[in-house]
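In our numbering, the protein residues as written are 1 to 100. Ideal Cβ placement from N, Cα and C applies to all residues, glycine included. Below is one structure; the comments refer to it alone.
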Amino acid sequence: MIMNNFFSVFTYTPWDNLNTKLLTEVKLLSLKSITKTFPVIEPEFFDDLLSNLYNFEHYSWVQCIKRIVGPNNEDYDIAPWNFIWAMDNERKNFSILNSK
């Protein structure tokens, strides 16, 4: 399996006080290149995220996506996308890019 179906997300980093002078490029592998289809994410997942945004201080929401480029170098409209950055209990980062 060749892993070259990367999306590039150009964004401001939320933990850098939203430094608007420097864009960060995050490369994300498309799950479709591994699983052949996109996984179904239940609406409850997003309901829980939204609930946590309002109930816990260590969750935050910012509009910081500036550009999304697909695996074939195609530009995407940023409006219908969510980019989730998270850290697990072992302080490992992970990212999810999904369309609304």
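State buried or exposed for residue 11, treating a residue as buried only when at least 16 other CB atoms are found within 10 Å of its CB. As a working note, residue 11 is residue 11 in the sequence shown. The residue in question, residue 11, is buried, as its Cβ has 16 or more Cβ neighbours within 10 Å.
Name the two residues that bound the continuous beta strand (DSSP E) containing residue 65. Indexing the sequence shown from 1 puts residue 65 at position 65. Where residue 65 is concerned, the enclosing beta strand (DSSP E) stretches over 65–69.
Distance, residue 100 Cα to residue 41 Cα: As a first step, residue 41 is located in the sequence shown; it is residue number 41 there, counting from the start. As a first step, residue 100 is located in the sequence shown; it is residue number 100 there, counting from the start. Each residue's Cα considered, the two are about 11 Å apart.
Cβ of residue 85 within 8 Å of Cβ of residue 14? Here the question's residue 85 lines up with position 85 in the sequence shown. Here the question's residue 14 lines up with position 14 in the sequence shown. In this structure, residue 14 lies closer than 8 Å to residue 85 by Cβ.
Name the two residues that bound the continuous alpha helix (DSSP H) containing residue 24. Stepping through the sequence shown from its first residue, residue 24 is reached at position 24. Taken as a continuous stretch (DSSP letters only), residue 24 belongs to no alpha helix (DSSP H), being part of the beta strand (DSSP E) at 24–29.
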